[in-house]
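> With our numbering as the guide, the letters of the sequence shown map in order to residues 294 to 553. Below you'll find the structure I mean.
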Amino acid sequence: MNLRILAFAVAAGIATNCLAAEPAPTKFSINGIEREALVFLPPTTDRAPLVFAFHGHGGNMYFAARGMAFHKVWPEAIVVYPQGLPTPGIVLDREGKKPGWQREMGQEEDRDLKFVDAMVKVLREKYSVDENRVYATGFSNGGLFTYLLLSQRPNVFAAFAPGGAALLPRVELTKTRPVLHYGGEADQLAKFERQQATIDQIRRFNGCADAGESCGPNCTVYRSSKAAPVETFIHPLGHVYPPAVTPVIVNFFKQHQRTS
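This is the structure in structure tokens:
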């Protein structure tokens, strides 16, 4: 069985296991606009970590929950799969008929940054959230939005895990934070050379070592002099979410808490 078929088979298995356990969407109102997210709660929410996982362009919160399955791998965490709104794409869907996320400051009147702010506020008020263990991850357009959160909300999150995406020219790094980037060497949509350039840029910003150390299959970690390591999970496939990265991301998040 080749890697592409294996990835599909694993994803299909996750989807089957998660389908019956999905909660009803939680609704949030931002400036009169109703937004939704799937919120998976642990058995106890006492000082629980909080994870946001953002789908790609054209995806949805249900597909993200089934394919990423962070709530299965980290059942002690509050895991949120937000739903995007129709958004123009960079390459496809220029008319913006499919759901996605803003990529830069000011786009779509910052509706998605405001959505994250509202979700964090409501969840902190409703549950016992560990404010030092709040995390963001996303794939493709969700990865672009995760990088925007790294730029604009570094004080909210302890660590970030964007994938299948790159830093855009107008998205500036503002504060060192641990980052795990995952991507495919055969990616033809988010060109891997651009992803590699992003990894290199973040490594320099975070004061990371030039040489990395193995942290498992496909995984390399670059130690940081600023307590903000950069980890990578590089697979040989194209523009797909590899299910094997979910436990790697969870392990990365568990290693990092916000201290400043």
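Positions of the beta carbon are idealized from the N, C-alpha and C atoms, including for glycine. No experiment lies behind these values; they were computed from the predicted model shown.
1. Helix, strand or coil, according to DSSP, for F356 in the structure here?
2. I'd like the list of long-range same chain contacts for P342, defined as Cβ closer than 6 Å, with 5 residues on each side in sequence excluded.
3. Could you work out which residue in L416, A330 and V366 is closest to L378 when comparing CA atoms only?
4. Of the choices L441, L385 and G457, whose alpha-carbon is the least far from that of L406?
5. Beta strand (DSSP E) containing N425: first to last residue?
6. Shortest alpha-carbon distance to H549 belongs to which of F453, P335, F432 and T337?
7. Going by alpha carbons, who is nearest to M412 out of Y475, G382, K391 and R328?
8. Give the straight-line distance between the Cα atoms of T430 and D503, rounded to the nearest whole angstrom.
9. In this structure, how does DSSP classify H348 when only helix, strand and coil are distinguished?
10. Just to confirm the assignment: which complete beta strand (DSSP E) runs, minimum length 3, are found wholly within the segment 355 to 385?
11. Determine the extent of the beta strand (DSSP E) in which V523 is found, giving its start and end residues.
12. Report the residue ranges of all beta strand (DSSP E) runs contained in full by the segment 498 to 524; include only those spanning at least 3 residues, in chain order.
13. Could you tell me whether the Cβ atoms of F321 and A346 are closer together than 9 Å?
14. Given that a residue counts as buried once 16 or more other Cβ atoms are within 10 Å of its Cβ, and exposed if not, what is S517?
15. Under 9 Å between the Cβ atoms of V384 and L482?
16. Is it the case that the Cβ atoms of S433 and G325 are separated by a distance below 9 Å?
17. How many Å lie between K414 and F408 at the Cα?
A quick look at the data gives this:
1. helix
2. A370, D423 and R426
3. A330
4. L441
5. V422 to F432
6. F453
7. R328
8. 25 Å
9. coil
10. 371 to 375
11. V523 to H528 is the span of the beta strand (DSSP E), which, as asked, contains V523.
12. When DSSP assignments are scanned along the segment 498 to 524, the uninterrupted stretches of beta strand (DSSP E) that are 3 or more residues long and fall wholly within it turn out to be 506 to 509 and 512 to 515.
13. no
14. Looking at its Cβ environment, which holds 16 or more other Cβ atoms inside 10 Å, S517 is buried.
15. yes
16. Going by beta carbons, S433 and G325 fall outside the 9 Å limit.
17. 10 Å
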